[in-house]
Amino acid sequence: MPEATTLAMVAAAILGTFAWRAAGVLVAGRMDTDSALFAWVTCVAYAIAAGLMMKLLVFPTGVLAGTSLADRAAAFAAAAAVFYLSRRRLVPALAVGVLLFFALLSLGGPR
Amino acid sequence: MKHPVRAGLAEGLFGPGLGTFAAMVGFGSLAGDGGTPLWAAIALTVGVWSMPGQVAFVDLHAAGAPLLVVLVVVTVANVRMFPLTIATIPLLRARTGARPEQLALAQLNSVTSYVRVSDLAEREHALPARLRFFTAFTAGTLVVGTLGTVTGFTLAGALPPAGVQALIFVSPLYLLLLTARSPKRRVQLAVVAGCVLVPAFHAWLGGLGILAGGVAAGTLAFLATQRRKRDA
């Protein structure tokens, strides 16, 4: 693909994403952090952030689509268990989840 | 917090930033495998700075998709930056009103940075220091994210497929655990409801289902806790 085409595609990707950020700044302008509206926006932001990640684990696209739901669920369950047993510490939970996932994939061979 | 800039930079580079690094190694390796040039992969990390759109770009570029399709698909994939920005900016200013410098803060913002600064705000962390921490933290994650992109790109082809898959797995796992750390009951409910409703709405409505599911889940959590407050 010509460099100029790639450059135009990159510019489109950056501008498209920036549009959401700029629109967010405009809407945020009038928002008071003590208001009920802000509490609602916070709930929606967290729900989208967490929900999108869960969607990636349950219905993945791209590289993760080549892995089995059972492997992803087992790794997630192990990470969640370590997370709650270690008083919500991130690093041990993440390490256990990712290493288990890698081990399951390596043992399972090509799918 | 005595030195917010130092603390923010250290955390961004070596704390939660490690999750960003691993995720971007995954992205860089995808870009290398998919034929996206290194300069474009770096420009996407620095300029788009939102994983779903970056990953979508690599697929579209490899498929030789038309410009308009790239614009629409990447923009829809990154819709989460809209509510995320609305939720972040008010935490970083002393009084209401949109100002030009907030565009720079919005551009630096990411889910990781939002969750971290929202956690600080809930713990009554004072404002000028919070803004300095946020700026240093996001700058730190941007640096490690760029390094991760270059590392992944360089290693593309050399990494076993299971290694790339495990690295891509870091990002959703890490962000899920990060959002589950909030001490607020309202937020915890929103996280659980989002984990159920966003995938369900996405299966039903496609890309728009992410926003619709998020609004439904967030509203449920908000209403449930408001009612509880009134009853108390």
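For the record, the sequence lines run as chains H and B. Quick note on my numbering: the first sequence kicks off at 1 and runs consecutively. Quick note on my numbering: the second sequence kicks off at 112 and runs consecutively. Where a beta carbon is used, it is the ideal one built from N, C-alpha and C, also for glycine.
**Asked** At a CB-CB cut-off below 7 Å, which residues of chain H make contact with R191 of chain B?
**Response** I48, A49 and L52
**Prompt:** So, A198 of chain B versus A45 of chain H, is the Cβ gap smaller than 8 Å?
**Reply:** yes
**Request:** Check whether the Cβ atoms of V58 of chain H and I200 of chain B lie closer than 8 Å to each other.
**Result:** no
**Asked** In terms of residue numbering, what span does the alpha helix (DSSP H) encompassing S224 of chain B cover?
**Response** V222 to E233
**Whole-Å CB distance - G251 of chain B paired with L155 of chain B, under 8 Å assumed** = Actually they do not touch by this definition, with Cβ atoms about 19 Å apart.
**Message:** Please tell me whether G130 of chain B and L94 of chain H are closer than 8 Å, where the distance is taken between their beta carbons.
**Reply:** yes
**Prompt:** Between which two residues does the alpha helix (DSSP H) harbouring G128 of chain B extend?
**Reply:** G128 to G145
**Item:** Amino acids of chain B, ordered along the chain, whose beta-carbon sits closer than 9 Å to that of R88 of chain H
**Value:** L288, A291 and R292
**Asked** Counting Cβ pairs, one atom from each stretch, are 3 or more of them under 8 Å apart for the segment 158-167 of chain B and the segment 181-189 of chain B?
**Response** yes
**Request:** Starting from D71 of chain H, follow the alpha helix (DSSP H) in both directions and report where the run begins and ends.
**Result:** L69 to L85
**Message:** Against chain H, with Cβ distances strictly below 8 Å, would T330 of chain B count as a contact?
**Reply:** yes
**Asked** In or out: V302 of chain B buried (at least 16 other Cβ within 10 Å) or exposed?
**Response** buried
**Distance CB(A273 of chain B)-CB(S68 of chain H) smaller than 8 Å** = no
**Prompt:** From the beta carbon of V96 of chain H, is the nearest beta carbon of chain B less than 8 Å away?
**Reply:** no
**Asked** Taking Cβ-Cβ distances shorter than 9 Å, what residues in chain B pair up with L64 of chain H?
**Response** Q276, I279, F280 and P283
**Asked** What are the boundary residues of the alpha helix (DSSP H) that H313 of chain B is part of?
**Response** R296 to L316
**Asked** How about V309 of chain B: is its C-beta nearer than 8 Å to some C-beta of chain H?
**Response** yes
**Message:** Please list the terminal residues of the continuous alpha helix (DSSP H) segment that includes D170 of chain B.
**Reply:** M162 to A174
**Message:** Could you check if V116 of chain B belongs to the surroundings of the ligand MN, using beta carbon to heavy atom distance under 7 Å?
**Reply:** Ligands in the displayed structure: none, and consequently the ligand MN is not present.
**Request:** Give the range of the alpha helix (DSSP H) segment to which A248 of chain B is assigned.
**Result:** It is worth fixing the name first, because residue 248 of chain B is Phe in this sequence and not Ala. First-last of the alpha helix (DSSP H) with F248 of chain B: L238 to L266.
**Asked** Of all Cβ atoms in chain B, is any one closer than 8 Å to the Cβ of L69 of chain H?
**Response** no
**Asked** What residues from chain H crowd round V166 of chain B, counting only those whose CB sits closer than 8 Å?
**Response** T61 and G62
**Prompt:** Which residues, in chain order, does the segment 192-213 of chain B contribute to contact with chain H at a C-beta distance below 7 Å?
**Reply:** M192, F193, P194, L195, T196, I197, A198, I200, P201, L202, T207, G208, A209 and Q213
**Item:** Sub-8 Å separation of T290 of chain B and A50 of chain H beta-carbons
**Value:** yes
**Asked** Is R111 of chain H helix, strand or coil by DSSP?
**Response** Low local confidence applies: a pLDDT of 48 at R111 of chain H is under 50, so the model's placement there is unreliable, and no value is given.
**Item:** N-terminal and C-terminal residue of the alpha helix (DSSP H) that P272 of chain B is part of
**Value:** P272 to T290
**Prompt:** With a CB to CB cut of under 6 Å and the five nearest residues on each side skipped, what residues in its chain are close to A133 of chain B?
**Reply:** L278 and V281
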